[in-house]
Amino acid sequence: DQQVKQNSPSLSVQEGRISILNCDYTNSMFDYFLWYKKYPAEGPTFLISISSIKDKNEDGRFTVFLNKSAKHLSLHIVPSQPGDSAVYFCAAGAKEYGNKLVFGAGTILRVKS
Amino acid sequence: ETGVTQSPTHLIKTRGQQVTLRCSSQSGHNTVSWYQQALGQGPQFIFQYYREEENGRGNFPPRFSGLQFPNYSSELNVNALELDDSALYLCASSTRGALLNEQFFGPGTRLTVL
Numbered sequence: 004d005q006q007v008k009q010n011s012p013s014l015s016v017q018e019g020r021i022s023i024l025n026c027d028y029t030n031s032m033f034d035y036f037l038w039y040k041k042y043p044a045e046g047p048t049f050l051i052s053i054s055s056i057k058d059k060n061e062d063g064r065f066t067v068f069l070n071k072s073a074k075h076l077s078l079h080i081v082p083s084q085p086g087d088s089a090v091y092f093c094a095a096g097a098k099e100y101g102n103k104l105v106f107g108a109g110t111i112l113r114v115k116s
Numbered sequence: 007e008t009g010v011t012q013s014p015t016h017l018i019k020t021r022g023q024q025v026t027l028r029c030s031s032q033s034g035h036n037t038v039s040w041y042q043q044a045l046g047q048g049p050q051f052i053f054q055y056y057r058e059e060e061n062g063r064g065n066f067p068p069r070f071s072g073l074q075f076p077n078y079s080s081e082l083n084v085n086a087l088e089l090d091d092s093a094l095y096l097c098a099s100s101t102r103g104a105l106l107n108e109q110f111f112g113p114g115t116r117l118t119v120l
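As given, the protein sequences belong to chains A and B, one line each in that order. Using the numbering used here, you'd call the opening residue of the first sequence number 4 and step up by one each time. Using the numbering used here, you'd call the opening residue of the second sequence number 7 and step up by one each time.
(1) Output needed in chain order: residues of the region 51-64 of chain A with a Cβ under 7 Å from some Cβ in chain B.
(2) If we count the other Cβ atoms within 10 Å of its Cβ and call it buried at 16 or more, is Tyr42/A buried or exposed?
(3) Would you say Tyr91/A and Leu24/A are within 8 Å of each other, going by their C-beta atoms?
(4) May I ask you to report which of helix, strand or coil DSSP gives Gly86/A?
(5) Can you tell me whether Ser31/A is buried or exposed, with buried defined as 16 or more other CB within 10 angstroms of its CB?
(6) Can a CB atom of chain A be found closer than 8 Å to the CB of Gly22/B?
(7) Just to confirm the assignment, what range does the beta strand (DSSP E) spanning Thr29/A have?
(8) Taking a contact to mean a Cβ-Cβ separation below 8 Å, would you say Gln23/B touches Leu87/B in this structure?
(9) Name the residues in the region 86-106 of chain B whose C-beta lies less than 7 Å from a C-beta of chain E; which are they?
(10) At a CB-CB cut-off below 8 Å, which residues of chain A make contact with Thr37/B?
(11) Output needed for Ser13/A: all residues of its chain with C-beta closer than 8 Å, excluding positions within five of it in sequence on either side, in chain order.
(12) In terms of alpha-carbon separation, which member of Ala108/A, Asp58/A and Glu45/A lies closest to Ser3/A?
(13) Span of the beta strand (DSSP E) holding Gln54/B?
(14) For Pro47/A, go through chain B and note every residue whose CB falls closer than 8 Å to its CB, in chain order.
(15) Give me, in chain order, the residues of the same chain whose beta-carbon lies closer than 6 Å to that of Tyr56/B; leave out the 5 immediate sequence neighbours on both sides.
(16) Considering Cα atoms alone, identify which of Arg64/A, Gly101/A, Leu104/A and Ala95/A is closest to Cys26/A.
(17) Any contact of the region 39-55 of chain B with the region 88-97 of chain B, i.e. 3+ C-beta pairs under 8 Å?
(18) Could you tell me the alpha carbon to alpha carbon distance between Ser33/B and Val7/A, rounded to whole angstroms?
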């Protein structure tokens, strides 16, 4: 039962353009959503998060949008840079689940220069 | 401040063997979570340890067990290894009650079961 889904295994974007990574979830208990970035041979590193009481959170080039009614969130990267090339994981959590995170399968982002 | 470290980096075992993976949590963190990341998938929660006791468990069989020590470091033990146990094993440390984004991951241990 995949509670968090990232339906695009990969995405290729030109440097300077916008990258949009999508994520869907099914569990209404989730109240906190996170995006992690992962390079090969490294653990996931936290990128940006959003609480369910908000619909947008911005941090520099990264913006996360949350549509609770559609159970959908997206990560926008503007402008995309070659160093952004990595695997991006969407993750969700809930107060009831403590520190447990439920991850999607990830999207490989390639930013071409 | 030391980050999360894991050992060993890589490990090769054969079916039926037992393995122990180790994790040192970030300074000041008292909670350790373990995740399994199979090829092409996202990390899956195995269990979490707080104050040396298991505090939450995912959908993994009892042959996956763990320990947490007084210094908050942790071990993941897997008995009777199966081929499907081949994966990257990640640990994450945090402070109980902290925000979910204050959970820091180690680089992982790559386990190959032949």
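Note that the Cβ used here is the ideal one computed from N, Cα and C, for glycine as well.
Answer, in terms of the structure:
(1) So the list reads Ser52, given in the order they occur along the chain.
(2) Result: exposed.
(3) Inclusion of Tyr91/A and Leu24/A in the CB contact set at 8 Å is warranted, their separation being smaller than that value.
(4) Three-state result, Gly86/A: helix.
(5) Classification for Ser31/A: exposed.
(6) By this cut-off, Gly22/B is not an interface position.
(7) Element bounds for Thr29/A: n/a, residue is neither H nor E.
(8) Pairing Gln23/B with Leu87/B gives a Cβ-Cβ distance under 8 Å.
(9) Of the chains in the structure shown, none is chain E; the protein chains are A and B.
(10) Going along chain A in sequence order, the residues near Thr37/B (Cβ under 8 Å) are Asn102.
(11) If you ignore the 5 residues before and after Ser13/A, its C-beta comes within less than 8 Å of the C-beta of Thr110, Ile111, Leu112 and Arg113, all in its own chain and listed in chain order.
(12) Residue 3/A cannot be examined here, being either before or after the span of chain A that is shown, 4 to 116.
(13) For Gln54/B, the enclosing beta strand (DSSP E) covers residues Gln50 to Tyr56.
(14) Within chain B, the C-beta atoms nearer than 8 Å to that of Pro47/A come from Pro49, Leu96 and Phe111, in chain order.
(15) Excluding residues within five positions, the ones whose Cβ falls inside 6 Å are Thr37 and Arg102.
(16) Closest in C-alpha terms to Cys26/A, from the list Arg64/A, Gly101/A, Leu104/A and Ala95/A, comes Ala95/A.
(17) Three or more beta-carbon pairs separated by less than 8 Å link the region 39-55 of chain B to the region 88-97 of chain B, which places the two stretches in contact.
(18) In a straight line, the C-alpha of Ser33/B is about 31 Å away from that of Val7/A.
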